[in-house]
Amino acid sequence: MEALLTSISTVALAEMGDKTQLLALFLATRFTSKMSIVLGILFATLLNHLLSAWLGVEIARWIPDSAISWIIGLSFVAVGLWLLIPDKDDSEENTMLKYGAFGATFVLFFLAEIGDKTQIATILLGAHYGSVWMVLLGSTLGMMLANVPVVFAGRWIMDKINADRTRQLACVLFLIMGVVTIASPLLQ
């Protein structure tokens, strides 16, 4: 349950103001079928985060037990600090738009997630918890919680959310997770 709840909260917070959230806003302004956009986000996230959580679990198997908490803990700290850097909306008219709302959303969202903060976080969560399915479920729910409202209420929501404060909160959460991950084996 901890893996699920931590994955939901960290990914949802990390997604606030992220380039994929800006992409969701961009797509919502280009297409009228909001459900097709939501389904595209869902399936792209499921595929991307399944691979990410699995990769995290596999990487953790290769790292010696004595080093795993330090590597994952310091990685959480690095992601936390990275979250303080705002993403920019670099979306432009794209040839993918010709594939319709679902196709364009699926491809663009999947590609935008590669190397993104939330993908890195999902890899780290998979390595930390050793659970592909709970991390996949939690990170996907977190992505949907952050992006679905943007698809339906777009600009209004983005104007109401203080992106700097949200990034700071997500940073603090990742820093805490990093410190706890490093300290937990030392306290046992």
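With the UniProt record's numbering, the residue at position 110 of the sequence shown is 110, and numbering never jumps. The C-beta atom is built at its ideal place from N, Cα and C for all residues, glycine as well.
Counted within 10 angstroms of its Cβ, other Cβ atoms place residue i as buried (16 or more) or exposed
i    : result
C171 : buried
G178 : buried
T32  : exposed
E2   : exposed
K98  : exposed
N162 : exposed
M143 : buried
E93  : Caution applies to E93, whose pLDDT of 49 falls short of 50 and renders its modelled position unreliable; the value that the coordinates give is listed next. Exposed is the call here.
K19  : buried
L23  : buried
Q21  : buried
S75  : buried
Contact belief for residue i with residue j at Cβ below 8 angstroms, rounded distance in angstroms
i    : j    : result
G73  : I123 : No, G73 and I123 are not in contact; Cβ-Cβ is about 14 angstroms, not under 8 angstroms.
E151 : A28  : Just to set this straight, residue 151 is Val in the shown sequence, not Glu. With a Cβ gap of about 5 angstroms, V151 and A28 count as contacting.
K34  : L83  : Wrong, their Cβ atoms sit about 28 angstroms apart, outside the cutoff.
CA nearest to the CA of residue i, picked from the options
i    : options                : result
G100 : V38, P86, A146         : V38
G40  : V180, L111, I161       : L111
L5   : Q168, P185, S131, D159 : S131
E15  : L186, G138, R167       : R167
S9   : F26, L136, W62, M96    : L136
I120 : A153, V77, M134        : V77
W133 : L51, Q188, L187        : L51
G17  : P149, Q188, R30        : P149
G138 : F26, L25, L42, Q21     : L42
L25  : L46, D159, N48         : D159
N48  : E113, P185, W156, I176 : E113
T95  : R30, I71, Y129, W156   : R30
Check whether residue i and residue j have beta carbons under 9 angstroms apart
i    : j    : result
S126 : A60  : Strictly speaking, residue 126 in this sequence is Gly, with Ser absent from that position. It is a contact, given that the beta carbons lie within the stated cut-off.
S69  : I182 : yes
P64  : D164 : no
S36  : T140 : no
A53  : A146 : no
G115 : L173 : no
F109 : A44  : yes
Residue i at chain D interface by Cβ criterion, 9 angstroms
i    : result
L175 : Among the chains of the structure shown, chain D does not appear; only one protein chain is present.
* **Length at least 4, wholly inside the region 81-140: the alpha helix (DSSP H) runs in chain order** => DSSP runs (the alpha helix (DSSP H)) wholly in the region 81-140: 100-113, 117-129.
**Study point:** Complete runs of the beta strand (DSSP E) confined to the region 25-50 [at least 3 residues]
**Key:** none
Sequence ranges, alpha helix (DSSP H) only - wholly within the region 141-187, length at least 4 = 163-187
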